[in-house]
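Numbering (the working numbering), first residue to last: 151 to 734. For every residue, glycine included, the Cβ atom is placed at its ideal position computed from N, Cα and C. The model shown is predicted, which means the values in this text are computed figures rather than measured ones. Remarks on the structure that follows.
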């Protein structure tokens, strides 16, 4: 995967490599020059030659320093550009995942992959471009010059390489799976954090703070333990490498001293050899750090690749695509035929759902929590595909319609819909380039205009993330405004007025009746008053339609509906009854 994302920067990488090679060559030849000065120039007692060779060393050192700075900046730019592309592709692919695929991966895991995993890969790419070539060149150059200076002492280096390779290979094999477990545990911890931040008010209200603390502590402990297990493996590497290298250095010093004493080597050669040994040591240390980062990035790369290369889900595939026909009063706008579906492939969440909804009609959906109300909406919007049966939109199976076609006619509002950080205008317009007149009309119909006008800047008032600087009712009215602004042919309201008072709810329903009379509507609600005027109401129980009909018919034929209606309408004040009468 990383090769694919680095390939657009081949030219830059090659230039960076050439600069790094020259910079490293300048560093590698310095010990040889030093040996030449000590053994050949100093005995001549020629100060001018000493100065000339000394200046040459200074020039080479400064040149290597400047070239390394240039190469490192190029490396940072290249790694930043590459990781930007990875993040962009990962984000775009995440946006195209089906609900089923998101359920499988989890939102917290996607967040972790977009943040911590990409950061780990960024570190690896930067380290590879900055240190990779330099470490290899220092190692190869150091070994070659060491052999050139003293084949005997070089045997020590060759003997050290074998155990070093074996140790690195062993640790690499052990640590890889452990770092993948670290990332998995991070996903779980992010999930706990997300749930606690979103539900912090509920936790405090129910006095569950200590419980949530213990839950976070448990997930945090799992991350710590897996981190320690992985780091414990990597911790073996540095001490082992250092022991071997410094042991070898001691052997070189002792053996080299004997060779100088016997007249077999000159002092300058020993000085140069020790410098090369230190260079080789430093290069191996750099490789050690790179292996550490690589182990982490390997796990992160696989997790990112899993999302980017995830195949298109079957419920995103359009079978023999056809154009959506115009509305026809003789053909149902929406029809469910024997629809059965299960999220987990076991017990059906909805079973044998059958209904027809014609143009400009309103369908109400009621039932207890978990009865399948929202599932029906998700199936209609093809967030999931049915297991059995079919869903028709103007007589066409929705599997034969592209998402673009279907989305054009739907306007949806969900109970837990999302408001983004930005202005009210941006949240309503949603990138559709609607004019202010249309936005204000939609806000008026959604009963939002009054509170919008009280905000500083009105439509330009900035919302916090998730609209936390608005009340629950204000958020729902803005979400309704967003749906109304599109002037949809089919309006879906999934428990979207639960935070509205009865007066506002009644005014909203009246606005829908007055201004969206040509719109087909589906209203999922807990309140009888929200669906009381629907042309048809289906009452769900355990995923099945218990009964259907108008409000008047269900009052007679459906006991659970009658009980809910009696309880809710019976608790209305006289003032509310009067408002209902006016509405009627």
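Are residue 246 and residue 264 touching if we call contact CB-CB under 9 Å?
For the purposes of this step, residue 246 is identified with residue 96 of the chain shown, where counting begins at 1. For the purposes of this step, residue 264 is identified with residue 114 of the chain shown, where counting begins at 1. Result no, Cβ atoms of residue 246 and residue 264 do not sit closer than 9 Å.
Checklist entry - Are the region 479 to 495 and the region 569 to 580 touching by the rule of at least three beta carbon pairs closer than 8 Å? => result no
Check your understanding: So what does DSSP say about residue 639, is it helix, strand or coil?
Key -> Translated into positions along the chain shown, residue 639 becomes position 489. In this structure, residue 639 counts as coil in the three-state DSSP scheme.
Worksheet entry | Backbone CA spacing between residue 217 and residue 169 [nearest angstrom] | Here residue 217 is taken as the residue at index 67 of the chain shown, counted from 1. Here residue 169 is taken as the residue at index 19 of the chain shown, counted from 1. Looking at the backbone, the Cα of residue 217 and that of residue 169 are separated by about 6 Å.
### Query
Going along the chain, which residues of its own chain have a beta-carbon closer than 7 Å to the beta-carbon of residue 488, five neighbours each way excluded?
Start at 1 with the first residue of the chain shown, and residue 488 comes out as number 338. Cβ within range, chain order: 502, 504, 538 and 539.
Helix or strand or just coil, what does DSSP make of residue 538? For the purposes of this step, residue 538 is taken as residue 388 along the chain shown, with counting starting at 1. Here residue 538 sits in strand by DSSP.
query: Which stretch, first to last residue, makes up the beta strand (DSSP E) that contains residue 699?
result: Along the chain shown, one-based indexing puts residue 699 at 549. Taken as a continuous stretch (DSSP letters only), the beta strand (DSSP E) holding residue 699 covers 694 to 699.
- Task: Answer with buried or exposed for residue 482, where buried requires no fewer than 16 other C-beta atoms within 10 angstroms of its C-beta.
- Result: Here the question's residue 482 lines up with position 332 in the chain shown. Residue 482 comes out buried.
Notebook entry, point to check: Which stretch, first to last residue, makes up the beta strand (DSSP E) that contains residue 487?
Noted result: Along the chain shown, one-based indexing puts residue 487 at 337. Under the DSSP assignment, residue 487 falls in the beta strand (DSSP E) whose first and last residues are 484 to 491.
Am I right that residue 510 and residue 670 are in contact with their C-beta atoms under 8 Å? What's the rounded C-beta distance? Within the chain shown, residue 510 is the residue found at index 360, counting from 1. Within the chain shown, residue 670 is the residue found at index 520, counting from 1. Sure, about 6 Å apart at Cβ, within 8 Å.
* **Host alpha helix (DSSP H) of residue 437 (start-end)** => Counted from its first residue, the chain shown places residue 437 at position 287. Here the alpha helix (DSSP H) through residue 437 covers 417 to 458.
Fill in: Close beta carbons around residue 735, own chain, < 6 Å, minus the five adjacent residues each side
For residue 735 there is no data in the structure shown, the boundaries of the chain being 151 and 734.
Whole alpha helix (DSSP H) elements within the region 252 to 323, 4-residue minimum: 257 to 262, 268 to 277 and 283 to 299
In three-state DSSP terms, what is residue 250?
Here residue 250 corresponds to residue number 100 of the chain shown, with the count starting at 1. In this structure, DSSP gives residue 250 a helical state, which the three-state scheme calls helix.
Closest residue to residue 562 among 586, 306, 536 and 524 (Cα-Cα distance) | If you number the chain shown from 1, residue 562 lands on position 412. Residue 562 has its Cα closest to that of 524, out of 586, 306, 536 and 524.
| task | Report the three-state DSSP secondary structure of residue 605 (helix, strand or coil). | result | Against the chain shown, residue 605 aligns to sequence position 455. In this structure, residue 605 counts as coil in the three-state DSSP scheme.
For a test of the three-state rule: what should DSSP assign to residue 387, helix, strand or coil? The residue given as residue 387 occupies position 237 in the chain shown. Helix at residue 387.
Local Cβ density within 10 Å of residue 323, reported as buried at 16 or more and exposed below that:
On the chain shown, position 173 is the one that residue 323 refers to. It is exposed - the Cβ of residue 323 has fewer than 16 other Cβ atoms within 10 Å.
- prompt: Thinking just about the alpha-carbon of each residue, which of 643, 690, 650 and 688 is nearest to the one in residue 673?
  reply: Residue mapping note: residue 673 aligns to position 523 of the chain shown, counting from 1. Cα-wise, what sits closest to residue 673 is 643.
Task: Residues of its chain near residue 380, where Cβ-Cβ distance is below 7 Å and the 5 sequence neighbours each way are ignored - done: On the chain shown, residue 380 is found 230 positions in, with the first residue counted as 1. 325, 328, 329 and 332.
Please report how far the alpha carbon of residue 339 lies from the alpha carbon of residue 373, in whole angstroms.
-> The residue given as residue 339 occupies position 189 in the chain shown. The residue given as residue 373 occupies position 223 in the chain shown. Taking the straight line joining both Cα atoms gives about 8 Å.
Handout entry: Any non-hydrogen atom of the ligand SAM closer than 8 Å to residue 376 Cβ
Key = Only the bare structure without any ligand can be found here, which leaves the ligand SAM out of the picture.
Note to self: Would residue 284 and residue 173 qualify as a contact pair, given that the criterion is a beta-carbon distance under 9 Å?
What the structure shows: Taking the chain shown and counting its residues from 1, one reaches residue 284 at position 134. Taking the chain shown and counting its residues from 1, one reaches residue 173 at position 23. Closer than 9 Å, so yes.
Quiz item: Roughly how far, in whole angstroms, is the beta-carbon of residue 440 from the beta-carbon of residue 282, given that I think they are within contact range, below 8 Å?
Solution: Residue 440 sits at position 290 when you count from the first residue of the chain shown. Residue 282 sits at position 132 when you count from the first residue of the chain shown. That pair is a contact at about 7 Å.
Discussion item. Buried or exposed for residue 787, going by 16 or more other Cβ atoms inside 10 Å?
Written reply: The requested residue 787 does not occur in the structure, where the chain is confined to residues 151 to 734.
**Message:** As a quick exercise: from 427, 371 and 707, pick the residue whose alpha carbon is nearest that of residue 398.
**Reply:** For the purposes of this step, residue 398 is taken as residue 248 along the chain shown, with counting starting at 1. It is 427 whose Cα lies nearest to the Cα of residue 398.
### Query
If residue 175 sits next to residue 225, beta carbons under 8 Å apart, how far is it from one beta carbon to the other, in whole angstroms?
Working through the chain shown from its first residue, we reach residue 175 at position 25. Working through the chain shown from its first residue, we reach residue 225 at position 75. Between residue 225 and residue 175 the Cβ distance is about 18 Å, and since that is not below 8 Å, they are no contact.
Who are the near neighbours of residue 447 in its chain, counting only those whose CB is closer than 6 Å to its CB and skipping five residues on each side?
For the purposes of this step, residue 447 is identified with residue 297 of the chain shown, where counting begins at 1. Closer than 6 Å at Cβ, skipping near neighbours: 270, 271 and 274.
With a cut-off of 8 Å, do at least 3 Cβ pairs link the region 549 to 557 to the region 605 to 617?
no
Alpha carbon of residue 387 to alpha carbon of residue 425, nearest angstrom
The count along the chain shown starts at 1 and reaches residue 387 at position 237. The count along the chain shown starts at 1 and reaches residue 425 at position 275. Spanning the two alpha carbons is a distance of roughly 23 Å.
TODO: Could you pull out every residue in the same chain whose Cβ sits closer than 7 Å to the Cβ of residue 306, ignoring the five residues on either side in sequence?
DONE: As a position in the chain shown, residue 306 is number 156, starting the count at 1. Cβ within range, chain order: 398, 401 and 402.
Per-residue burial, residue 193 [other beta carbons within 10 Å of its own, 16 or more giving buried]:
In the chain shown, counting from the first residue as 1, residue 193 sits at position 43. By the neighbour-count criterion, in which 16 or more other beta carbons inside 10 Å mark a residue as buried, residue 193 falls on the exposed side.
**Prompt:** Does the separation of the CB atoms of residue 341 and residue 256 fall below 9 Å?
**Reply:** For the purposes of this step, residue 341 is identified with residue 191 of the chain shown, where counting begins at 1. For the purposes of this step, residue 256 is identified with residue 106 of the chain shown, where counting begins at 1. Yes. Within cutoff.
What number of angstroms, rounded off, separates the C-alpha of residue 568 from the C-alpha of residue 160? Position 418 of the chain shown, counting from 1, holds the residue named residue 568. Position 10 of the chain shown, counting from 1, holds the residue named residue 160. Spanning the two alpha carbons is a distance of roughly 42 Å.
- Check the DSSP bridge columns for residue 393 and list the partner residues they point to. Mapped onto the chain shown, residue 393 falls at position 243. Beta-bridge pairing links residue 393 to no other residue.
Going by the CB atoms, is the gap between residue 687 and residue 513 shorter than 9 Å? To locate residue 513, count along the chain shown from 1; it is residue 363. To locate residue 687, count along the chain shown from 1; it is residue 537. Going by C-beta atoms, residue 513 is nearer than 9 Å to residue 687.
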